[in-house]
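Residue numbers for the sequence shown follow my numbering, so the first one is 1468 and each next one is one higher.
By construction, the Cβ of each residue, glycine as well, lies at the ideal position given by its N, Cα and C atoms.
Since this is a predicted model, take the numbers as computed values, not measurements.
Shown next, in structure tokens, is the structure this report addresses.
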Amino acid sequence: MQLIENHIFHVYNRGNNKQPIFFKPDNYLFFLKKIRKHLLPVCEILAYCLMPNHFHLLIQADSRSVALANPENTRMPTQKFSRGLQTLLSSYSKAIQIQEKLTGSLFQQRTKAKQVSSEWSWEDYSLICFRYILHNPVAAGLVNSPDDWEYSSCRDFAGIRSGTLCNQNLVYKTLNLEWNTLEGLVNQPLTEQESLRIF
């Protein structure tokens, strides 16, 4: 995983063999604390959604993200964001394996990070990805409205909760839209063509 400074990435992974990764409400909150500890210091978080067997993050890479965690290792350099993500997933996995008495990998081996931003407006899928992430629980049939799902940043954008994990001002600036416009877009499911652009 190699991030590019000042670009936006859709970061996602799911349970190995599509198994659950969250087993009770405390697990979701524990994962969010891990995000705050290991990722927030090395990137800007724009949106997130934690689902029973997978997670989505929309992040903007900056100089902290792409800085090397191991500058002395010239053969296999690792960016600080990648190191933080590895630490997050491995420490979370260990805790869940103890809790659920599991063995083997909790997550799929490779976390995906797809660049969705571009200098060219017709190739920039940041807004589509933002909508997709927040609409995910509705598409999965878990809730009727995106802001009904407790483990998503949608509730913060909607003003239902005062979460500080996401940089809301950066979202509005980057997407050039305020929440009263975004809310209507988030409530609409993506078209098939839009979905193909973000994976």
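CA-CA distance, residue i and residue j?
| i | j | result |
| --- | --- | --- |
| G1651 | T1570 | 43 Å |
| R1622 | N1636 | 15 Å |
| L1496 | R1542 | 37 Å |
| L1470 | N1537 | 15 Å |
| Y1639 | K1568 | 43 Å |
| F1476 | T1578 | 12 Å |
| L1601 | G1626 | 14 Å |
| L1657 | G1608 | 15 Å |
| N1647 | P1487 | 34 Å |
| V1653 | E1645 | 12 Å |
For residue i, which of the options has the nearest alpha-carbon?
| i | options | result |
| --- | --- | --- |
| F1574 | S1558, V1509 and K1581 | S1558 |
| N1643 | V1605, F1597, L1609 and R1628 | F1597 |
| E1659 | A1606, I1627 and N1611 | A1606 |
| L1632 | N1480, C1516, L1556 and K1491 | C1516 |
| S1620 | G1608, S1572 and Y1599 | Y1599 |
| T1641 | S1593, L1663 and F1498 | S1593 |
| L1492 | F1548, Y1618, L1657 and Y1479 | The question names Leu, yet the displayed sequence has Pro at residue 1492. Ranking F1548, Y1618, L1657 and Y1479 by Cα distance to P1492 puts Y1618 first. |
| R1551 | M1518, V1509, Q1566 and I1563 | For the record, residue 1551 in the displayed sequence is Gly; it is not Arg. When each option's Cα is compared against that of G1551, the closest is V1509. |
| E1511 | N1483, N1634, P1613 and L1499 | N1634 |
Report the three-state DSSP secondary structure of residue i (helix, strand or coil).
| i | result |
| --- | --- |
| F1666 | coil |
| H1474 | coil |
| R1577 | coil |
| R1542 | coil |
| S1571 | A quick correction: the sequence has Gly, not Ser, at residue 1571. In the structure shown, G1571 sits in coil (DSSP, three-state: anything other than H, G, I, E or B). |
| Q1582 | strand |
| N1480 | strand |
Return the chain-ordered list of same chain residues with a C-beta closer than 8 Å to the C-beta of residue i, the five sequence neighbours on each side being excluded.
| i | result |
| --- | --- |
| F1666 | K1581 |
| E1472 | A1528, D1529, S1530, S1532 and V1533 |
| Q1546 | M1468, Q1469, L1470, S1532, V1533, A1534, L1535 and A1536 |
| R1503 | L1632 |
| L1663 | none |
| F1490 | I1563, Q1566 and E1567 |
Near residue i, which residues of its chain fall below 7 Å by C-beta distance, leaving aside the five closest residues on each side in sequence?
| i | result |
| --- | --- |
| V1610 | P1604 and W1616 |
Please work out which residues of its chain come closer than 6 Å, Cβ to Cβ, to residue i, disregarding the five sequence neighbours upstream and downstream, and give them in chain order.
| i | result |
| --- | --- |
| D1591 | S1584 and S1585 |
| K1485 | N1520 |
| L1555 | K1501 and H1505 |
| L1524 | V1478 and Y1515 |
Beta strand (DSSP E) segments (min. 3 residues) lying fully within the segment 1499-1528: 1511-1518 and 1521-1527
Whole alpha helix (DSSP H) elements within the segment 1598-1651, 4-residue minimum: 1621-1624 and 1635-1642
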